[in-house]
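Residue numbers (the numbering used here): 1 to 149.
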């Protein structure tokens, strides 16, 4: 078989937990490179072991896919708004108020969302926060939100 530093160390540990290696010289640069390549090769073979990276896998949709998704979302929101307008009419909203509401929703209809998604950034003035003189900063813990259902 081939030489494996990990096997050598595990056998040594099985024989004796503590070894005095103060008289052993530092490994050469080539030995360090060899060790690192063995570790990299063995870590690829081990698999994921259920550990997932905290960085999400981001996939940027094509322009056509993104436009199609935006149109689909608009259509769903429009259907919900129309259902709510019919419900308001059924509940007795007068015709003139219903028309005012319809115009208001048509003007601001693009602002409604049923789910938060990959929308374009909005154009607003940046928020300016003024801290009172003598205010002491407070350190807050991380917030944990439940997963979306």
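By construction, the Cβ of each residue, glycine as well, lies at the ideal position given by its N, Cα and C atoms.
In this structure the segment 57-74 touches the segment 109-123; the number of beta carbon pairs closer than 8 Å is three or more. Linking residue 6 to residue 12 through their CA atoms gives a straight-line distance of about 10 Å. In the structure shown, residue 109 adopts helical secondary structure according to DSSP, grouped into three states.
A check of alpha carbon separations from residue 3 across 123, 147, 31 identifies 31 as the nearest. In the DSSP assignment, residue 26 falls outside any alpha helix (DSSP H), carrying neither H nor E.
Cβ neighbours of residue 81 within its own chain (closer than 8 Å, five residues either side excluded): 105, 109, 112. Membership of residue 8 in the alpha helix (DSSP H) is indicated by the continuous run 5-15. When DSSP states are grouped into helix, strand and coil, residue 123 belongs to the coil group. A direct Cα-to-Cα measurement between residue 86 and residue 107 gives close to 18 Å.
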